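The opening residue of the sequence shown carries number 165 in this note's numbering; numbering runs sequentially from there.
Using N, Cα and C, we set each Cβ at its ideal position, and we do this for glycine too.
Bear in mind that the values here come from a model prediction, so they are computed numbers and not experimental data.
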Amino acid sequence: MKKINAILFVCLGNICRSPLAEGIARDLAQKRGMDLKIDSAGTSGWHIGESPDSRSIEVAKNNGIDISYLKGRKVNAYNDDSFDLIVAMDRQNYQDLLRFFSKDKVVLMGDYGLEGRDIPDPYHYRDLEGFKKIYEMLYLAINRLYDEISECN
Ligand code: 4NP
């Protein structure tokens, strides 16, 4: 892997999965002493300017991470090309991102320690359980991603 200075996490709405990924990634980068630019965005513009889903905020908070200040935004083909790595939460996000960015910088979150599994869209989940599961998946995958980045940086 090339040297990575900036990572963008992308899902559909930028209110459930990718803000949680951003919060975990910021927390782990600080704990591991990695100097990274980290952000998140959605492939849709449905939730621009909105706070993360209350369940993502709660799961993050239960793990000592504050994501309540984040605001939804749509991925931007021009500005976001400055990121070295663009991490898609599921295969649909991955396909959508390939319309904007070169294939060598778009990766699937599930390829880091999750046997290629998608991070499932939790928008219609009723309670916190699914969000807890997503937190665990993201925590594992981002640690694995950081292991790979650290080997090359
Ligand atoms: P996210 O979840 O992509 O993880 O932020 C979703 C949020 C909103 C919608 C779908 C997924 N939506 O259909 O509005």
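Boundaries (first-last residue) of the alpha helix (DSSP H) holding residue i
i, result
"Ile283", "Run containing Ile283: none; DSSP gives neither H nor E here."
"Asp203", "Asp203 -> not in any alpha helix (DSSP H); beta strand (DSSP E) instead, spanning Lys201 to Gly206."
"Ala185", "Arg181 to Arg196"
Rounded C-alpha distance that separates residue i from residue j
i, j, result
"Val239", "Phe265", "11 Å"
"Asp268", "Leu261", "11 Å"
"Glu186", "Met273", "12 Å"
"Ile221", "Asp230", "7 Å"
"Gly280", "Gly213", "31 Å"
"His288", "Cys316", "38 Å"
Given residue i as reference, the closest of the options once Cα atoms are compared
i, options, result
"Val174", "Arg219, Pro284 and Leu292", "Pro284"
"Ser182", "Lys166, Asn243 and Leu234", "Leu234"
"Lys195", "Asn307, Glu312 and Glu315", "Asn307"
"Asp199", "Gly206, Asp191 and Ala205", "Asp191"
"Gly236", "Ile313, Trp210 and Asn227", "Trp210"
"Arg255", "Asn243, Ala241, Asp245 and Val271", "Val271"
"Leu278", "Arg290, Arg219, Leu309 and Gln259", "Leu309"
Element boundaries [beta strand (DSSP E), containing residue i]
i, result
"Ala252", "Leu249 to Ala252"
Contacts around residue i, its chain only, beta-carbon distance under 8 Å, and the 5 residues preceding and following it disregarded
i, result
"Val223", "Leu184, Leu292, Phe295, Lys296, Ile298 and Tyr299"
Same chain, Cβ closer than 7 Å to residue i, neighbours up to 5 away in sequence not counted
i, result
"Leu176", "Gly206, Thr207, Ser208, Asn257 and Asp285"
Cut-off 6 Å between Cβ atoms - residues of its own chain near residue i, not counting five sequence neighbours on either side
i, result
"Val251", "Phe173, Val271 and Met273"
Distance CB(residue i)-CB(residue j) smaller than 7 Å
i, j, result
"Leu302", "Ile188", "yes"
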